[in-house]
Amino acid sequence: MSINKNMIEERSILKKIFAVLIVLSFFIQINGITLQDAVKISLEENLDYKEAKINKKISGINKNNSLLGMIPDLSTTVDYDALDESYKKNFRLSQDIFYSGQEIFSYLSSKYNYEYAKNYLKNKKNEVIIESVKKYLELLKAQDRVELWDVEVEKAKNDYEKAEKMYEYGNTAKLDLLESKNYYMYAKHNLKVEKNNYNLRKIEFEEYLNKEIDVIEEYEFPELTIKNLESYMDFAENNSYEYENLVLNYKANKYNYWSYKMEKLPQVNFFLEKNYTDKEFDSYENDALTYGVSVDLSGWLYSSVNADYSYSEYDDIISNLPEASNDEVYSLTMNILNGDYTTSSVLQKKISYLRSKKRIENEKRALEKLIKTAYYNLVDAKSYYEMQKMNLEAKQELRRKRMKEYELGIIDSSERFDAIKQYLQAEIDYIDAKYNYYISWYNLLKVVGKEIEI
Numbered sequence: 001m002s003i004n005k006n007m008i009e010e011r012s013i014l015k016k017i018f019a020v021l022i023v024l025s026f027f028i029q030i031n032g033i034t035l036q037d038a039v040k041i042s043l044e045e046n047l048d049y050k051e052a053k054i055n056k057k058i059s060g061i062n063k064n065n066s067l068l069g070m071i072p073d074l075s076t077t078v079d080y081d082a083l084d085e086s087y088k089k090n091f092r093l094s095q096d097i098f099y100s101g102q103e104i105f106s107y108l109s110s111k112y113n114y115e116y117a118k119n120y121l122k123n124k125k126n127e128v129i130i131e132s133v134k135k136y137l138e139l140l141k142a143q144d145r146v147e148l149w150d151v152e153v154e155k156a157k158n159d160y161e162k163a164e165k166m167y168e169y170g171n172t173a174k175l176d177l178l179e180s181k182n183y184y185m186y187a188k189h190n191l192k193v194e195k196n197n198y199n200l201r202k203i204e205f206e207e208y209l210n211k212e213i214d215v216i217e218e219y220e221f222p223e224l225t226i227k228n229l230e231s232y233m234d235f236a237e238n239n240s241y242e243y244e245n246l247v248l249n250y251k252a253n254k255y256n257y258w259s260y261k262m263e264k265l266p267q268v269n270f271f272l273e274k275n276y277t278d279k280e281f282d283s284y285e286n287d288a289l290t291y292g293v294s295v296d297l298s299g300w301l302y303s304s305v306n307a308d309y310s311y312s313e314y315d316d317i318i319s320n321l322p323e324a325s326n327d328e329v330y331s332l333t334m335n336i337l338n339g340d341y342t343t344s345s346v347l348q349k350k351i352s353y354l355r356s357k358k359r360i361e362n363e364k365r366a367l368e369k370l371i372k373t374a375y376y377n378l379v380d381a382k383s384y385y386e387m388q389k390m391n392l393e394a395k396q397e398l399r400r401k402r403m404k405e406y407e408l409g410i411i412d413s414s415e416r417f418d419a420i421k422q423y424l425q426a427e428i429d430y431i432d433a434k435y436n437y438y439i440s441w442y443n444l445l446k447v448v449g450k451e452i453e454i
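All residue numbers for the sequence shown refer to the numbering used here, where the first residue is 1 and numbers rise by one.
What follows is the structure in structure tokens.
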């Protein structure tokens, strides 16, 4: 009688100690890394995301520069010649006429390249967030499995110690003692396996974050509402990052192709130039106004051909010199061995344009397949999760029943431990199913282009 009383008191003390450990572990987790922390660190450390931010800035600068290319070019210079004691001032205004068509297409191309870079940045941010969530959940799953076996090892240890005492006093058979010892070793082995798995997941997560972590906080699982497949297909058509990027890339390539194609036309440039020179101590002034036109036929012909014409009017105030004089200049430059480089460039851009157009058609079909795959995986994961939830309840009930039957001597220890193992397997299956269900949810959100905020 005193033995049973001591065993009851010992069990009560163990329960109190175990309860304190659970409370302490809870407070330790509160001080751990949160999901929000993990996402923030990932965005700060991820090189692809950093690169996407820089590329967006570069694309913005290129867009602004191409816009400036359509504005008339105005330049001015002021020089002082100390030896000649004279000032030289120059103002020049030039504008491409037919060539401006190329500048317009070049601007449109850079505009869509900027939109592409901006959209790519959003996509990369979403990818980093979702990947952080998935790795966080994978680590939590491994942590839950460790905790499950940690508790079970403690129970198995107590059961084995109890069996040892009962066998010592002749209250149980040796088979029960061996079964208890075997199960205790089985539980310790599984705990070791799960701890190793947890450490591997932790290392992977730390490598991804580029930061060492201690423990992580629990994740509050939200209620998920799964819509029908058509609603996700419609959403993806307007929001899928991959598909939208292909469309933007197609537009950028199209206008880039047209920009190069414009080089096949004669390029006409008009310019107006004002020069003014005067000396400080001599009665000398020179005021020249020059205007002209330049025509480049290199793209139109199979050789490098440039024709230039300029007309200058001078207003001189110099002793014994005519009051004014004029100048006309004609020039023609030709390199007959230049080759048809323009056509080659245009054809290369045309290939890029046609390929990007074809990729849109292919991506649309591929996107539909990805959405369907992710959607059906989610539906299956939900069904499996609900099934494992019911299975866990059944195995819990079976375990309770077998424990009572064992205490009444109806079954032996092997049947009892078989029920315990079935229950533990159901716990593991439930943990895996729960986390896989939520990971499948985030996979679907990623495919359809849903922007995630944590």
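By construction, the Cβ of each residue, glycine as well, lies at the ideal position given by its N, Cα and C atoms.
- Contact fails between the segment 432 to 446 and the segment 167 to 180, because fewer than three Cβ pairs, one in each stretch, are under 8 Å apart.
- In terms of Cβ geometry, V379 and A236 do not form a close pair [threshold 8 Å].
- In the structure shown, V215 adopts coil according to DSSP, grouped into three states.
- The beta-bridge partner set that DSSP reports for I33 consists of I216.
- When V193, K135, K165, F205 are compared, the shortest CA-CA separation from D150 is found for V193.
- Check the Cα spacing between T225 and each of Y375, E405, E451: the tightest is with Y375.
- Annotated three-state conformation of E223 is coil, per DSSP.
- Pairing S106 with K251, the inter-Cα distance amounts to about 11 Å.
- Taking C-beta separations shorter than 7 Å and ignoring five residues to either side along the sequence, the partners of L67 in its chain run Y107, following chain order.
- Inter-residue distance for V247 and Y116 is about 9 Å (C-alpha atoms, whole angstroms).
- The alpha-carbon of E154 is positioned some 10 Å away from that of L148.
- In the displayed model, D432 falls within a helix according to three-state DSSP.
- CA-CA distance, K122 to I452, rounds to 10 Å.
- Your pair K350 and Y257 checks out as a contact, with CB atoms roughly 5 Å apart and the cut at 8 Å.
- In this structure, I33 places its C-beta atom within 8 Å of the C-beta atom of I213.
- Here A366 is exposed. Its C-beta has fewer than 16 other C-beta atoms within 10 Å.
- DSSP places M233 inside the alpha helix (DSSP H), whose first and last residues are 229 to 239.
- Within the same chain, no residue comes within 6 Å of R355 by CB-CB distance, once the 5 residues on both sides are set aside.
- The continuous alpha helix (DSSP H) containing I203 extends over residues 174 to 209.
- Excluding the 5 residues flanking it on each side, V39 has same chain C-beta neighbours closer than 6 Å at I129, S132, I454, in chain order.
- Rounded to whole angstroms, the separation of the alpha carbons of K446 and L74 is 49 Å.
- A residue is called buried once 16 or more other Cβ atoms fall within 10 Å of its Cβ, and L347, having fewer, is exposed.
- Under the 10 Å beta carbon count, Q143 is surrounded by 16 or more other beta carbons and is classified as buried.
- The Cβ atoms of A52 and Y120 sit closer than 8 Å to each other.
- Per DSSP, D412 is not a residue of any alpha helix (DSSP H), being assigned neither H nor E.
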